[in-house]
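Asks: Supplied in structure tokens, the structure appears directly below.
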Amino acid sequence: MEHYHMNLNLKVWRQKNSNTKGDFKTYQVKNISSEMSFLEMFDVLNEQLITEGEEPVAFDHDCREGICGMCSMYINGKPHGPWQANTTCQLHMRAFKDGDTIVVEPWRANAFPVIKDLTVNRSAFDRIIQAGGYISVNTGNAVDGNALPINKDNADNSFAAAMCIGCGACVAACKNSSAMLFLSAKVSHLALLPQGEPERKSRVMNMVAQMDKEGFGACTNTGACEATCPKEISLTNIARLNSEYLGASLSADK
Amino acid sequence: MLNAKIPSGPLENKWADYKGHCKLVNPANKRKLEVIVVGTGLAGASAAASLGELGYKVKAFCFQDSPRRAHSIAAQGGINAAKNYQNDGDSVFRLFYDTIKGGDYRAREANVHRLAEVSTNIIDQCVAQGVPFAREYGGLLSNRSFGGTQVQRTFYAAGQTGQQLLIGAYQALERQVALGNVTMYSRHEMLEVVTIEGKARGIIARDLVSGQLERHFGHAVLLCSGGYGNVFYLSTNAMGSNVTAAWKAHKKGAAFANPCFTQIHPTCIPVSGDHQSKLTLMSESLRNDGRIWVPKKQNDTRKATDIPEEERDYYLERRYPAFGNLVPRDVASRAAKERCDAGYGVGSSKQAVYLDYADAILRYGKIEAGKQGRSNVSEEEIIAMGKEVVKAKYGNLFDMYEKITGENPYEVPMRIYPAVHYTMGGLWVDYELQTTVPGLYALGEANFSDHGANRLGASALMQGLADGYFVIPYTLGNNLADEIYSKAIETTHPAFEEAEKAVSDRINHLMNIKGKQTVESFHKRLGKIMWDKCGMARNKEGLEQAIREIQALKKEFWSDVRIPGEVNEMNTELDKANRVADFIELGELMCVDALTRDESCGGHFREEFQTPEGEALRDDAGHMYVSAWELKGEHQWELHKEPLNYEVIKPTQRNYK
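So the sequences go chain by chain: A and B.
Just so we're on the same page, this note's numbering is the position in the first sequence counted from 1, plus 164.
Just so we're on the same page, this note's numbering is the position in the second sequence counted from 1, plus 140.
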């Protein structure tokens with residue numbers, strides 16, 4: 165693979181805190197290696213800003229290996245940038261070329277208020293989990309792990325849903341700011357397993373209620389969430405969620 | 141000073157006897173007892189959830205935006221348990237033995253045996269929570285093998301076992317939050333332990349959004365704050381992983397044990413340039429099927445695929461025929477370094493070796509053809525089928541490699557090199573996980589107790605969850621039973637005032653330096669000193685020099701660091717400065733510890749102490765102890781030794797040949 169260096173123009177959203185209005189600021193960074201990650205390019209920008217006596221850009225990031233779900237930049241109009249099935253931290257600069265202008269914004273959604281610059285508050289996701297995204301089993305209550313064989317297809321599909329990293333890109337990509345992909349991933353993960361059966365109906369009802377309460381929008385099936393999801397969580401999960409929800413709503417016992 | 145409180149009696153009965161006789165707290169009293177949990181990784185989330193379930197009033201803290209983000213999430217390969225589902229000779233004793241041996245005989249027998257005992261409960265608990273472990277077609281749990289063992293005891297969920305286990309613990313935690321038993325404080329960092337009459341009674345935390353300092357009381361404080369690998373700047377740890385909570389405890393009197401025992405993981409993606417901010421691990425499970433090699437010729441510049449079979453040196457298979465590519469991590473890492481130092485490294489930096497899947501792809505392709513009952517299959521078809529199998533097993537890891545390097549590992553061998561990954565050292569704890577400060581506990585990677593001088597793969601997840609789910613609920617109760625008459629202390633108590641003032645003064649001091657150099661630049665320099673002189677190989681001269689350099693770096697940091705922004709707002713540079721200041725002090729202690737340990741064991745390799753074949757040379761007569769360091773003043777520590785008594789296992793030279 166050929167490596168190269170580039171100079172870039174960055175248009176970055178700056179916002180002091182949740183009470184002030186933000187706006188775009190333009191910065192130049194020079195001599196960026198194509199081998200850098202996108203966040204390493206931001207490290208370069210921040211070091212430059214600090215040296216010039218300015219405040220660095222605040223952005224969320226932690227594991228930098230695409231699994232913790234903390235990084236969250238809206239890059240050139242796409243959550244996590246141009247690559248498929250990818251997080252911001254795993255986007256590498258070979259996706260760009262010399263002279264490019266890159267626009268970077270925070271997630272935009274009423275339920276994810278901006279805290280500072282590119283950092284948003286995603287605690288609504290935690291509260292949706294609190295509403296029922298678990299199996300009620302206290303420590304020490306378990307039977308032997310192999311006492312409950314699980315059909316491999318169900319186990320695999322459950323795992324595929326459980327791969328959600330809770331980054332919120334689905335919400336950021338959706339024109340309605342809907343959290344349906346996130347919610348459906350958790351409902352599917354647990355509904356596909358026999359362990360999830362006892363709370364199956366109450367779980368979906370309570371989690372949907374909490375999602376609505378948090379101010380996420382409705383789902384109109386555009387599929388933007390699936391297209392942008394770094395873990396490729398499938399729209400099938402939303403179909404499953406709808407069927408779980410309908411079933412639970414029509415059921416006499418919840 | 142050190143009383144490990146190991147129960148008497150035969151090894152296999154110690155934990156059962158302890159549980160049978162420890163003091164209990166009745167449910168009505170549990171409601172009155174408050175517990176602080178710092179960190180929400182596997183150890184913290186499982187402890188907070190389990191203690192909440194028991195009825196304690198729990199406050200949990202994490203610096204990330206949600207407890208689900210903790211770095212346990214990045215563990216890829218798996219979790220060990222002595223289930224013996226494969227009928228291949230595994231047992232609690234075997235897991236215990238492998239862990240002690242893998243740790244190069246520097247771990248405590250009683251703790252490790254308990255770990256092996258509860259390992260099976262962990263799997264059951266996680267399955268009950270809905271953790272989607274990999275399964276076979278019959279619906280039963282699947283296992284794979286890992287380095288340092290000869291049985292298949294590792295449970296996994298593709299390449300994201302850590303994520304799935306943490307989500308399980310996180311969901312249990314959120315359930316307790318919903319029930320009102322746990323209060324969660326995310327985006328908070330613990331900056332001080334508050335002690336009253338010698339006991340830990342709370343913490344000072346900084347709200348990382350508002351910048352405000354907060355006081356929190358607890359009858360006990362549990363530090364589950366992970367390891368300190370980021371002292372090396374470049375490591376596989378998350379960017380935010382830090383030693384601050386543990387270091388504050390150390391400064392309040394908690395002894396720090398075996399700080400120099402760090403694990404260098406053999407299979408990481410090599411450094412690509414000066415811009416590098418972190419390193420990425422490729423799961424050790426890849427060594428199950430991949431073969432590691434370098435060219436037989438020095439400075440060979442040919443492409444890997446152009447080097448014929450007979451000109452390749454599969455050095456692990458050559459040096460360690462019994463374990464081959466599955467030798468423990470410390471052995472594999474040193475062997476890679478040895479080849480690269482001798483001039484056989486590959487890639488542009490020459491600091492890398494190949495991890496090759498060509499053989500595995502062929503082998504799996506042939507098996508697949510056999511399964512389908514087909515003979516006369518072309519080599520291309522076999523390779524295509526083999527790639528599918530490899531993709532199913534390791535697809536997400538291969539994708540990750542391709543994203544980072546831009547190379548397709550299905551076509552060309554991966555390049556790997558060792559990187560700092562885990563720290564076996566940590567706060568000294570007794571059998572009850574209590575530090576030398578009463579009321580202050582350390583769980584998971586933050587403590588030192590179970591992995592000796594080298595941790596086996598798939599054991600970190602096991603230990604974090606063992607401590608949180610199955611150990612602390614008993615041992616904490618045993619101590620809190622004496623606290624049922626202790627009322628909650630108001631946070632207006634002078635001890636809280638003083639602690640808060642100390643934190644505030646330090647922050648103001650940092651902010652007022654207004655120097656020229658960035659926090660990041662100091663961290664990089666510290667990392668370079670540590671990697672060069674206290675990394676994979678250490679020697680007396682280098683360590684002495686490192687100590688002088690770190691002391692000078694500390695002076696420079698405190699006189700020339702530049703932190704922009706304000707105190708009372710979100711200030712990520714201030715957060716980093718607080719952490720780097722502690723890393724600098726820790727770095728010195730690590731070198732001091734490495735310098736005193738005149739032997740090589742596990743991840744600690746002193747060049748002066750090796751066998752003629754270049755293997756680690758332990759000194760059991762002189763160094764079979766835990767080094768527990770007590771802080772006495774700036775640059776001053778007193779060493780306390782906890783002797784390790786092996787009653788069951790006879791320590792021998794580790795042999796993976």
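Beta carbons: idealized from backbone N, C-alpha and C, even for Gly.
In this text the structure is predicted, and so the values were computed from the model without any measurement.
1. Is there a C-beta anywhere in chain A that falls below 7 Å from the one on B/A183?
2. Say whether chain A places a C-beta atom closer than 7 Å to the C-beta of B/S412.
3. Please give me, in chain order, every unbroken run of the alpha helix (DSSP H) with length at least 4 that falls completely inside the stretch 253 to 323 of chain B.
4. Is DSSP giving B/K388 helix, strand or coil here?
5. Can you name, in chain order, every residue of its own chain whose Cβ lies under 6 Å from the Cβ of B/A677, other than the five neighbours on each side?
6. For B/Q813, count neighbouring Cβ atoms within 10 angstroms of its own Cβ and tell me buried if that reaches 16, exposed if not.
7. B/L280 touches chain A at which residues, Cβ-Cβ below 9 Å?
8. Check A/H256 in the structure and name its three-state DSSP category.
9. Below 7 Å between beta carbons: does that hold for B/M379 and A/H225?
10. Between B/Q204 and chain A, is any beta-carbon pair separated by less than 7 Å?
11. Report yes if the CB atom of A/S366 is closer than 7 Å to the CB atom of A/P277, and no otherwise.
12. Beta strand (DSSP E) containing B/D496: first to last residue?
13. I want to verify the contact list: residues of chain B whose CB lies under 9 Å from the CB of A/M170, in sequence order.
14. Provide the residue span of the beta strand (DSSP E) that contains B/D347, from first to last.
15. Work out the CA separation of B/K543 and B/R469 for me, nearest whole Å.
16. So within the stretch 524 to 608 of chain B, which uninterrupted beta strand (DSSP E) runs reach at least 3 residues, ignoring any that extend past its ends?
17. Specify, as a first and last residue, the run of the alpha helix (DSSP H) that B/R431 falls within.
18. Taking A/V368 as the query, report the chain B residues whose CB atoms sit under 8 Å from its CB, ordered along the chain.
19. Roughly how many angstroms separate the alpha carbons of A/N240 and B/K527, rounded to a whole number?
20. Using a cut-off of 7 Å between C-beta atoms, extract the partners of B/M379 located in chain A.
21. Output needed for A/N321: all residues of its chain with C-beta closer than 6 Å, excluding positions within five of it in sequence on either side, in chain order.
22. Determine, for A/F323, whether the minimum Cβ-Cβ distance to residues of chain B falls below 7 Å.
23. A/N171 and A/K189: beta carbons closer than 7 Å?
24. For A/Y191, name the three-state secondary structure that DSSP assigns.
25. Measure the Cβ-Cβ separation of A/L203 and B/G270 and say whether it is below 7 Å.
26. Looking at the C-beta of B/T123, does it have a partner C-beta in chain A at a distance below 7 Å?
27. Here's the rule: buried if 16 or more other CB atoms are within 10 angstroms of the residue's CB, otherwise exposed. What is B/A221?
28. Counting contacts by CB-CB distance shorter than 7 Å, is B/I404 in contact with chain A?
29. Assuming B/Y454 and B/R431 are in contact, meaning their beta carbons sit under 8 Å apart, how far apart are those beta carbons, in whole angstroms?
30. Determine, using beta carbons only, whether A/L357 comes closer than 7 Å to chain B.
31. Cα-Cα, which of B/D414, B/A444, B/G342 and B/A606 is closest to B/Y578?
32. Is there a Cβ of chain B sitting closer than 7 Å to that of A/D187, yes or no?
33. So the candidates are B/I647, B/S740 and B/N679; which of them puts its Cα closest to the Cα of B/R758?
34. Keeping to the same chain, check which residues put their C-beta closer than 7 Å to that of B/T736; ignore five residues upstream and five downstream.
35. Report back the beta-carbon spacing between B/M554 and B/L495 to the nearest angstrom; my notes put them in contact at under 8 Å.
36. At the 7 Å Cβ level, is B/T751 part of the contact set with chain A, yes or no?
Replies: Looking at the atomic coordinates:
1. Residue mapping note: residue 183 of chain B aligns to position 43 of the second sequence, counting from 1. Not one chain A Cβ lies under 7 Å of B/A183.
2. For the purposes of this step, residue 412 of chain B is taken as residue 272 along the second sequence, with counting starting at 1. Output row for B/S412: interface = yes.
3. 301 to 318
4. On the second sequence, residue 388 of chain B is found 248 positions in, with the first residue counted as 1. Collapsing the DSSP output to three states places B/K388 in a helix.
5. As a working mapping, residue 677 of chain B is identified with position 537 in the second sequence. For B/A677, where only same-chain residues beyond five positions count, the Cβ hits under 6 Å are F745 and E747.
6. Only positions 141 to 797 of chain B appear in the structure, and residue 813 of chain B is not among them; the question remains open.
7. The residue labelled residue 280 of chain B in the question sits at position 140 within the second sequence. G309, N310, P313 and I314, listed in chain order.
8. As a working note, residue 256 of chain A is residue 92 in the first sequence. Three-state DSSP puts A/H256 in a strand.
9. Within the second sequence, numbered from 1, the residue matching residue 379 of chain B stands at position 239. Within the first sequence, numbered from 1, the residue matching residue 225 of chain A stands at position 61. In this structure, A/H225 lies closer than 7 Å to B/M379 by Cβ.
10. Taking the second sequence and counting its residues from 1, the one referred to as residue 204 of chain B is at position 64. Taking CB atoms only, B/Q204 has a neighbour in chain A less than 7 Å away.
11. Locating residue 366 of chain A in the first sequence gives position 202, counting from the first residue. Locating residue 277 of chain A in the first sequence gives position 113, counting from the first residue. Contact flag unset, no.
12. Translated into the one-based positions of the second sequence, residue 496 of chain B becomes position 356. First-last of the beta strand (DSSP E) with B/D496: V493 to D496.
13. For this step, residue 170 of chain A is matched to residue 6 along the first sequence. Ordered by position in chain B, no residue passes the 9 Å Cβ test against A/M170, which lies about 13 Å from the chain.
14. For the purposes of this step, residue 347 of chain B is taken as the residue at position 207 of the second sequence. K339 to D347 is the extent of the beta strand (DSSP E) around B/D347.
15. Stepping through the second sequence from its first residue, residue 469 of chain B is reached at position 329. Stepping through the second sequence from its first residue, residue 543 of chain B is reached at position 403. Between the alpha carbons of B/R469 and B/K543 lies a distance of about 25 Å.
16. For the stretch 524 to 608 of chain B, the continuous beta strand (DSSP E) assignments of 3+ residues that do not extend past its boundaries occur at 554 to 563 and 580 to 582, in sequence order.
17. In the second sequence, residue 431 of chain B corresponds to position 291, counting from 1. Where B/R431 is concerned, there is no enclosing alpha helix (DSSP H), although the beta strand (DSSP E) around it starts and stops at R431 to P435.
18. On the first sequence, residue 368 of chain A is found 204 positions in, with the first residue counted as 1. In chain order: nothing, as chain B lies at least about 15 Å away.
19. The residue given as residue 240 of chain A occupies position 76 in the first sequence. The residue given as residue 527 of chain B occupies position 387 in the second sequence. Looking at the two C-alpha atoms, the distance is approximately 35 Å.
20. Looking up residue 379 of chain B in the second sequence gives position 239. The answer, in chain order, is H225, D226 and R228.
21. As a working mapping, residue 321 of chain A is identified with position 157 in the first sequence. So the qualifying residues of the chain are L356.
22. Here residue 323 of chain A is taken as the residue at index 159 of the first sequence, counted from 1. Yes, its Cβ sits closer than 7 Å to a Cβ of chain B.
23. In the first sequence, the residue the question calls residue 171 of chain A occupies position 7. In the first sequence, the residue the question calls residue 189 of chain A occupies position 25. Result no, Cβ atoms of A/N171 and A/K189 do not sit closer than 7 Å.
24. Position 27 of the first sequence, counted from the first residue, corresponds to residue 191 of chain A. Residue state, collapsed to three classes: strand.
25. Locating residue 203 of chain A in the first sequence gives position 39, counting from the first residue. Locating residue 270 of chain B in the second sequence gives position 130, counting from the first residue. Result no, Cβ atoms of A/L203 and B/G270 do not sit closer than 7 Å.
26. Any property of residue 123 of chain B remains undetermined from this structure, which presents chain B solely from 141 to 797.
27. Locating residue 221 of chain B in the second sequence gives position 81, where the first residue counts as 1. It counts as buried.
28. Start at 1 with the first residue of the second sequence, and residue 404 of chain B comes out as number 264. With 7 Å as the cut-off, B/I404 does not count as an interface residue toward chain A.
29. As a position in the second sequence, residue 454 of chain B is number 314, starting the count at 1. As a position in the second sequence, residue 431 of chain B is number 291, starting the count at 1. That belief holds up - the Cβ atoms of B/Y454 and B/R431 are roughly 6 Å apart, short of 8 Å.
30. By 1-based counting over the first sequence, the position of residue 357 of chain A is 193. True, the Cβ-Cβ gap to chain B drops below 7 Å.
31. As a position in the second sequence, residue 578 of chain B is number 438, starting the count at 1. Reading off the sequence shown, one finds Pro at residue 578 of chain B, where the question assumed Tyr. Cα-wise, what sits closest to B/P578 is B/G342.
32. What you label residue 187 of chain A is simply residue 23 of the first sequence in a count that begins at 1. It does not: the Cβ of A/D187 has no partner Cβ on chain B nearer than 7 Å.
33. The residue given as residue 758 of chain B occupies position 618 in the second sequence. The residue with the shortest Cα to Cα distance from B/R758 is B/S740.
34. What you label residue 736 of chain B is simply residue 596 of the second sequence in a count that begins at 1. Same-chain partners within the cutoff: S767 and L779.
35. Indexing the second sequence from 1 puts residue 554 of chain B at position 414. Indexing the second sequence from 1 puts residue 495 of chain B at position 355. That pair is a contact at about 4 Å.
36. Indexing the second sequence from 1 puts residue 751 of chain B at position 611. Not closer than 7 Å to any Cβ of chain A, the Cβ of B/T751 fails to qualify, so no.
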